[in-house]
Structure formats: structure tokens, C-alpha cells
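Notes follow the structure.
In the working numbering, the protein residues as written are 1257 to 1372.
This is how it looks when you write it as C-alpha cells:
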């Protein structure tokens, strides 16, 4: 379960941002997580809740936005999205190599709270 180490990293980032921007009464933390990260949102939420259960962040809502896998063909230039069952590193239209446009994201997008 790599979600625990990810939750620890998120908590460190959030604590740094709280100090840097003098935030208080944090209500929500918004995350963007790409489908290629293989993060299970429910497991991440569970791990994060466990880590903050005895802190000022215990009532924070963790909002997770899943980012779909999207690719762009290096040959024909078409952009497309993938479903779990058909992910290959080749263009589904012309068979050329692709570059990933999205799906690898894993970051804190926003922290909602009050200025201190």
C-alpha cells in the first residue's frame, strides 16, 4: 500500500503551506491524481485520515480529482484518451509512438482555509 507514504508526503506539503501562508481553520484539501499513479482514492483518504486523526486537520475534507490518461500522437498529432483495458504506448489511429498529455499527476491543487 503506497498510499500511506503518499499521504505522509501530502501532509508534509500541507503543513509547510499552512506555515508559509499563515493559514488556519483548514476545511478542504484538493488533490489532482492521475490514473497512471495507481493511487486508490479510498485508501489514500483512509491513510490521510489516520495520520491527521489527533491533529487540527482531523476534520479536513480530502477532495480527490482523478485525471484521465490522455496521449498525443507524435506522428499524426491526434490527441485521445485511454481506458484501462486499451492503454498502449502507440497511437490507436496510426500506430506511431505517443507522448503522455495527462495521467501522471499527483499534487496538492488547493488548500482551503482562513488567513491567519
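For glycine and all other residues, C-beta sits at the position ideal for the given N, C-alpha and C.
Take residue 1291, set aside five residues on each side of it, and the residues of its chain with a beta-carbon closer than 7 angstroms to its own are 1322, 1323, 1324, 1325, 1359, in chain order. Taking 4 residues as the shortest admissible run, the region 1307–1365 contains no complete alpha helix (DSSP H) segment at all. Put simply, the region 1329–1337 does not touch the region 1279–1295. Fewer than three CB pairs are less than 8 angstroms apart. Counting the other Cβ atoms within 10 Å of the Cβ of residue 1350 gives fewer than 16, which makes it exposed. Counting along the chain, the unbroken beta strand (DSSP E) around residue 1290 starts and ends at 1279–1290. In the assembly as shown, residue 1317 is an exposed residue. Its beta-carbon has fewer than 16 other beta-carbons within 10 Å. Contact between residue 1302 and residue 1267 does not hold, since the beta-carbon distance rounds to 14 angstroms and is not under 8 angstroms.
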